[in-house]
Each structure stands twice: as structure tokens, then as C-alpha cells.
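Asker:
Number of protein chains: 2
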Amino acid sequence: MEKNELPPDVALMWRLREAPRRGPKPSLSLDDIVRAAIEIADADNDLGAVSMARVAERLGNSTMALYRHVKSKDDLLVLMSDAAIERPDPMPEGVDWRTGLTFWADNVLAAIRKHRWYAKIPISGPPAGPNNLAWFDAALGVLNGTGLPEEAKVGVVMGLITYVQGQIRVAFDLAAGYDENPAAFQQFGATLRQVADPRQYPAVARLVEAGVFDEVGNFEDESDQDFDFGLQLYLDGVAAYIDRVCQDK
Amino acid sequence: MEKNELPPDVALMWRLREAPRRGPKPSLSLDDIVRAAIEIADADNDLGAVSMARVAERLGNSTMALYRHVKSKDDLLVLMSDAAIERPDPMPEGVDWRTGLTFWADNVLAAIRKHRWYAKIPISGPPAGPNNLAWFDAALGVLNGTGLPEEAKVGVVMGLITYVQGQIRVAFDLAAGYDENPAAFQQFGATLRQVADPRQYPAVARLVEAGVFDEVGNFEDESDQDFDFGLQLYLDGVAAYIDRVCQDK
DNA sequence: CTAAATAGCGTAGCAGATACGCTATATCGC
DNA sequence: GCGATATAGCGTATCTGCTACGCTATTTAG
Chain E
4 MEKNELPPDV
14 ALMWRLREAP
24 RRGPKPSLSL
34 DDIVRAAIEI
44 ADADNDLGAV
54 SMARVAERLG
64 NSTMALYRHV
74 KSKDDLLVLM
84 SDAAIERPDP
94 MPEGVDWRTG
104 LTFWADNVLA
114 AIRKHRWYAK
124 IPISGPPAGP
134 NNLAWFDAAL
144 GVLNGTGLPE
154 EAKVGVVMGL
164 ITYVQGQIRV
174 AFDLAAGYDE
184 NPAAFQQFGA
194 TLRQVADPRQ
204 YPAVARLVEA
214 GVFDEVGNFE
224 DESDQDFDFG
234 LQLYLDGVAA
244 YIDRVCQDK
Chain S
4 MEKNELPPDV
14 ALMWRLREAP
24 RRGPKPSLSL
34 DDIVRAAIEI
44 ADADNDLGAV
54 SMARVAERLG
64 NSTMALYRHV
74 KSKDDLLVLM
84 SDAAIERPDP
94 MPEGVDWRTG
104 LTFWADNVLA
114 AIRKHRWYAK
124 IPISGPPAGP
134 NNLAWFDAAL
144 GVLNGTGLPE
154 EAKVGVVMGL
164 ITYVQGQIRV
174 AFDLAAGYDE
184 NPAAFQQFGA
194 TLRQVADPRQ
204 YPAVARLVEA
214 GVFDEVGNFE
224 DESDQDFDFG
234 LQLYLDGVAA
244 YIDRVCQDK
């Protein structure tokens, strides 16, 4: 298996292009481009604000110059997503797996909260970027002490990733919607009250009756609490699973 | 609280526009438009194929005619997403909560698998469409026999929704990527072998050593298995939670 | 010194969303 | 009935954005 058999986009992500020999010195670097794109997305808090023209403008270059460094805009988005999550914070020494995974999950959310547009980037392939891989590695490493077989570790981590990705999609997309139109959220209880016919939606109607939707607290706090509640339920399940597997040994 | 205080997009979704009095008979209906848009997205298996022009063409109308029925394309997307998930299958009689939630989750996945583009539609507000609400209601209803307080039911269901949304994002986005470029997936193991330096990525390197990425089975089957594994872990956690709460009583 | 490879860029084509205003049509109040 | 009025459909035009193509200048291999 040779180096050149790597798919070109992966090679790009790992910065594995062999140094070119002839031609003018590049005035742009891939890192500059990715950084500029991230800055634009951050500044506007909106992935839609990233256009090739705007990225080029920020770098003082022409639009088409970017295409010497990325194959397409989609390419750039993938590079942005790997760059934006950076690296996980170092895991505290000697923590048990449960503390470690909770730390990890909170860490992911904190990293992505800095770049809310992350949720909007299409996942087009396996997570092959260096930063993504570092996160994956960190989560796996936490399970080293558990005695789970490798396959099982992957399953547990995949489940965790799935849950975290769900939170990213649900909570961050919603947060973007909230910024755009807070009224829709504040009216949600009232809307349901009008629209949730108790015959068709008995369980929802009961919630409305119980006033569950009436107090509108801090949006982010609540979604963090919901996330943590669900996460702990999942980890309870993992704990039971570890007991089960290790008992058999 | 009057009917007219509903946000206009919500009113649209619930088809609550009062019958207009004057003007020509509409030759287009909102339902036609939404149905046509869904058919296009399904046929191309790609949300990007849905353009206002193409939807109009399929209906034999001009592009701009659509704008008499939807405010914007984003509006149309939201309507599509609520319409596409239809209603949940009726819950089998007398099932326990665990069977019920598993049934529900599998049901969601099956419903969305018919419309893979669903994952790409931005969530811009609380899930206020009639079909979405029906799903929410169904999941809540399953927990009726458990004795959990209303707030706790919401938490459990929100966690489940989060996990399911994660699966939708991860698995379905990946499936789309797979269709586009299967090679990237088949090479994934080999790619990691080259790129996963054991010093930087010890846990991943161990997986590679163990050959976890070597056999490439059926993509959808595997992702279903992963989903179910994680789901059962979560439900184990819910079971423990229910025990805890009901013991206190 | 010449050939080859490469960086940047100007132009242009194409697709897509949608604002605006026009025309025809149906209904309301009289 | 009859005008006033609101509404449906649509043609045109504008604006934004991605990117193919080809030119020029630059650098280095041989």
C-alpha cells in the first residue's frame, strides 16, 4: 500500500502533498484559506456567509486563486470541519471511564459551541481528518481499563458519538433558529395549547395541561441539562454492559 | 389567545389559513407543491435537486406561482420535512414501555429511510408540525404506564430523540457519502493504517492492529446493528432510572 | 537557456432564489 | 348587476454563487 493510493481529499486533510518543485511560490497556503473561511463563518455565525468570493477577498486574492488549493467548496467545508474542532483537551490523569466519557462529551460540545455552523456541514465520508481521529482516539482510550474487547469499545463509542451528534443537530440547529426568531419559541407553549387537540395528541395535551412548556428558561442551560440527563442514562446502560461482560470472564 | 396569533409558518403547516374570499380559484394547492417537492427529492435521492423551478415545472406552472403558496424555499423545506415523516404506525396493543420505545425508534428510522434527504433539512424551530407532534405524542404515550412524572417523561423522550437524530445524521449522511464515493469507505481501513501513527493515536492504532476495520460488510446492516446496540444501552439506563424513581414512591 | 510545471487571475457561463409589477379572475358590498 | 378589491399566475430582471477555461508570470530542472 503506497502513499499515493490515499484519496486526494484525505491527503489534503493530512497535508501530505509532496513539495512541488517548479512554478511560482504560493502566496496562499491551505491553512490560510481554511482559517479565513472559519473566521468568516464564526463572525457571521452562519455557514451561508462563507462563499469562495468572500474567503478570497479576506485573503486579498481573487476567487479563482483558491481553486489551486482546494478542489471545490465542499472540499473546503470538510477541511473547515476538521480544523474547527481542534484537539480534545488532555484527559485528566487516572479518571475512571465514566468520568472520562462525560468529560469527553462535554468537551466536544464546548468545542463545537465555538463554531455553531459545524452542525450544518455535511458528513460525506468516514471521519478521516487528524483532529477527528484524535477525538475518536481519546474516547476509545478512556475505555482501556474496562476490559471490554475492542469491538465492544467501538460500539460504545459509536453510540456516544451518535448521541452527541444528535445533540449537536438538535440543540445547535435550534439555537440558530432561536437567534433568528425567538418569538416562535416563546409562543411554543401557547401554540401547542391551540393546536394540540387532546383527542389526537393525548400525551402532549397532558404535558400542556401540566404546564411543562410554560416557563421559558435559559435556552442553552436547559438544553445542556437535557443533554446531561440523557448522557447519564446512556452511561448507566454502558455500566450495566461492562458489568455483564466482565462477569462472564 | 386568538387563532391569528399563531406564527404564519405554523398556521401554514396546520393548514389553518381561512378560506380566501375573492380572486381566481387557485390551480395549485399547497399539498400539491409539497408532494411534488418530495417526489423530486425522492427521485434524485438528493435535496439539492429540489429547486423552485423544478417543482413548478413538475406541476406545469411557472416558478413564481409557487410563491403565492409558500413564503420562501426554506418554508417549503419545513413543510416537506413534516409531510415526509407521515404518521407513526399504530403502537401494538399492550406493549411494555421498552418494547414500545424500541418499536418507535425503529419506526422512525424506517420512515426516514424512505426520504434520506430528511437529515439535510435544517431544523429552524420547535417541532410544531402535525406529524412531528404525532410522533412526539406516540413516544410520550408509551411511558404512561411507568409512573414517571411528566417532566421526566419529556427528558427520557428528548434523550431518545437526540439519539435517533444522531443516527439520522451520522448514518444517513454517511450513506449518501457512500453512494457518492464507495471507494473512500472500502479504503478506510487501509487509510487508517497509513495515517494512524501509534504514538499519536494509540487506541485507534490498536483497533487497526486488531483488524476491526478490515471486513467491510453491508453498510446499512452494520449501521442498524450499531444503532440498536446503542439504543439498548440507553434503554437499560432508562430502566434503571424508572426503578430508581418508582422505588422512592 | 529552454522547457515544463505551477500560481494567480479575468472572464464568462450557468444555476438558483426571489422582488416587482402586470393581467385576468372571482367575490363582496351596494 | 356593477364597480371596487383582493388574489392567482406569470414574465422579466436582478443578485448571488460556483466553477470551467485559458492566459500570463514565475520558478526551477536539466
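Top to bottom, those sequences are chains E and S.
Heads up, the first sequence is in my numbering, so the first residue is 4 and it goes up one at a time.
Heads up, the second sequence is in my numbering, so the first residue is 4 and it goes up one at a time.
Heads up, the beta-carbon is just placed ideally off N, CA and C, and yes, glycines get one too.
1) Short of 6 Å in beta carbon distance, which residues of its chain neighbour ALA14 of chain E, apart from the five on each side in sequence? Order them along the chain.
2) Looking only at C-alpha atoms, which of S:ALA122, S:THR66 and S:HIS72 sits nearest to ALA178 of chain S?
3) Examine the Cβ distances between the segment 185-202 of chain E and the segment 128-148 of chain E and report whether three or more of them are shorter than 8 Å.
4) Any beta carbon from chain S within less than 9 Å of ALA44 of chain E's own beta carbon?
5) Using a Cβ cut-off of 9 Å (strictly closer), state whether ARG172 of chain S contacts chain E.
6) Tell me which same chain residues have a C-beta within less than 6 Å of the C-beta of VAL160 of chain S, skipping the five on either side of it?
7) Shorter than 9 Å from the beta carbon of ILE126 of chain E to some beta carbon of chain S?
8) By the criterion of Cβ-Cβ separation under 7 Å, what are the contact partners of LEU236 of chain E in chain S?
9) Please say whether LEU195 of chain S and VAL211 of chain S have beta carbons closer to each other than 9 Å?
10) Taking the alpha carbon of GLN228 of chain S as the point to measure from, which residue in S:PRO133, S:GLY150, S:VAL98 and S:ALA174 has its own alpha carbon closest?
11) At the level of alpha carbons, what is the spacing between ASP176 of chain S and ARG24 of chain S?
12) Closest Cβ-Cβ distance between PRO205 of chain E and chain S: below 9 Å?
13) Please give the ranges of any alpha helix (DSSP H) in the segment 97-130 of chain S, keeping only runs that are unbroken, at least 4 residues long and fully inside the region.
14) Return the CA-CA distance between ARG116 of chain E and LEU31 of chain S, expressed in angstroms with no decimal places.
15) Beta carbon of ASP140 of chain S, beta carbon of TYR166 of chain E: below 9 Å?
16) With a threshold of 16 other CB atoms inside 10 Å of the CB of PRO93 of chain E, please say whether the residue is buried or exposed.
17) Would you verify that the beta carbon of ARG18 of chain E is, or is not, closer than 9 Å to some beta carbon of chain S?
18) Among S:TYR244, S:HIS118 and S:ARG38, which residue has its Cα nearest to the Cα of GLY158 of chain S?
19) With a threshold of 9 Å between beta-carbons, can PHE106 of chain S be considered close to chain E, or not?
20) GLN170 of chain S and SER226 of chain S: beta carbons closer than 9 Å?
21) Residues of the segment 197-224 of chain E with a CB closer than 8 Å to any CB of chain S: list them in chain order, please.
22) Cutting at 8 Å between CB atoms, please list the residues of its own chain near ASN48 of chain S, excluding the five before and the five after it.
23) To the nearest angstrom, how far is it from the Cα of GLU153 of chain S to the Cα of GLY214 of chain E?
24) Answer yes or no: does any C-beta atom of chain E fall closer than 9 Å to that of GLY256 of chain S?
25) Tell me which residues share the same chain as ILE88 of chain E and place their Cβ nearer than 6 Å to its Cβ, disregarding the 5 neighbours each side in the sequence.
26) Rounded to a whole number of angstroms, what is the C-alpha to C-alpha distance between GLN250 of chain S and GLY150 of chain S?
27) CB PRO129 of chain S to CB PHE230 of chain E, shorter than 9 Å?
28) Can you tell me whether DSSP reads PHE175 of chain E as helix, strand or coil?
29) Please list the segments of the beta strand (DSSP E) lying wholly inside the segment 21-84 of chain S, counting only runs of 3 or more residues, in order along the chain.
30) Provide the residue span of the alpha helix (DSSP H) that contains ARG196 of chain E, from first to last.
31) Relative to the alpha-carbon of LYS28 of chain S, which residue among S:TRP107, S:HIS72 and S:LEU50 has its alpha-carbon at the smallest distance?
32) Can you check whether the C-beta of ALA187 of chain E is within less than 9 Å of a C-beta belonging to chain S?
33) Would you mind sorting ARG172 of chain E into buried or exposed? The rule is 16 or more other CB atoms within 10 Å of its CB.
34) Along the alpha helix (DSSP H) that carries GLY240 of chain S, what are the first and last residues, could you check?
35) Leaving aside the five residues before and after ALA155 of chain E along the sequence, list all residues of the same chain whose C-beta is less than 6 Å from its C-beta, in chain order.
Answerer: Well, looking at it:
1) none
2) S:ALA122
3) no
4) no
5) yes
6) ALA142 and LEU143
7) yes
8) GLY162, TYR237, GLY240, VAL241 and TYR244
9) yes
10) S:ALA174
11) 45 Å
12) yes
13) 100-116
14) 42 Å
15) no
16) exposed
17) no
18) S:TYR244
19) no
20) yes
21) GLN197, VAL198, ALA199, GLN203, TYR204, PRO205, ALA206, VAL207, ARG209, LEU210, ALA213 and VAL215
22) ARG119, TRP120, ALA179 and ASP182
23) 10 Å
24) The structure shown does not extend to residue 256 of chain S, since chain S spans only 4 to 252, so no value can be given for it.
25) ALA114 and ASN134
26) 11 Å
27) no
28) helix
29) none
30) 191-198
31) S:HIS72
32) yes
33) buried
34) 222-250
35) none
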